[in-house]
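Q: Input: one structure, supplied below.
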Amino acid sequence: MTFSVDIVLKGRDFAVTEAVSVAHGEPATWGDAAVRDVLVEILRAIDRAGSPAGAAAGKSVILRGFSWIVEPVEGKVVIAIEIPMGAAVAGPFAIHQAELDARIARVLKADAELASAPASGRVH
Numbered sequence: 000m001t002f003s004v005d006i007v008l009k010g011r012d013f014a015v016t017e018a019v020s021v022a023h024g025e026p027a028t029w030g031d032a033a034v035r036d037v038l039v040e041i042l043r044a045i046d047r048a049g050s051p052a053g054a055a056a057g058k059s060v061i062l063r064g065f066s067w068i069v070e071p072v073e074g075k076v077v078i079a080i081e082i083p084m085g086a087a088v089a090g091p092f093a094i095h096q097a098e099l100d101a102r103i104a105r106v107l108k109a110d111a112e113l114a115s116a117p118a119s120g121r122v123h
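Under numbering that gives the first Met the number 0, the first residue of the sequence shown carries the number 0, and numbering increases by one thereafter.
Here you go:
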């Protein structure tokens, strides 16, 4: 699926729009892995907007340190994310607001639990 991400970086008075793709079907069919991939790609898009020459697709992304909200727009929803370097709005997605909100919360909780697990319990 391909979707738009509108990005405004701190200190800039203009937005850039980037088309982002994930290897998943329509939003109503997304599981947690798809939602995680969408969040990662939104954060990578923000990174590319801030430093196109230094951005790398393979950078590790940790799903912590940002604010997010799922908002309705014209019968669909968007995901808005804010991090210290700027903000992004992605979508619109054809999925119920509460459903996507719950999936994002679950993915972020799972990532936080993984990050706080003792190193001996991790598989590398």
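Think of the CB as a built atom: it goes at the ideal place given N, C-alpha and C, for glycine as much as any other residue.
Identify whether residue 73 lies in helix, strand or coil by the three-state DSSP scheme.
A: Of the three classes helix, strand and coil, the one that applies to residue 73 here is coil, per DSSP.
Q: Does residue 8 come out as helix, strand or coil in the three-state DSSP assignment?
A: In the structure shown, residue 8 sits in a strand (DSSP, three-state: E or B).
Q: Between residue 27 and chain D, is there a C-beta pair that is closer than 8 Å?
A: Judged by its chain identifiers, the structure shown contains no chain D, having just a single protein chain.
Q: Since residue 73 and residue 91 should fall inside the 8 Å C-beta cutoff, what is the C-beta to C-beta distance between them, to a whole number of angstroms?
A: Right, their Cβ atoms sit about 7 Å apart.
Q: Could you tell me how far apart the beta carbons of residue 85 and residue 8 are, in whole angstroms, since I believe they sit closer than 8 Å?
A: Going by Cβ atoms, the distance from residue 85 to residue 8 rounds to 4 Å, so yes, they are a contact pair.
Q: Could you check the C-alpha separation between residue 21 and residue 0 for me, to the nearest Å?
A: If you take the alpha carbons of residue 21 and residue 0, they lie about 5 Å apart.
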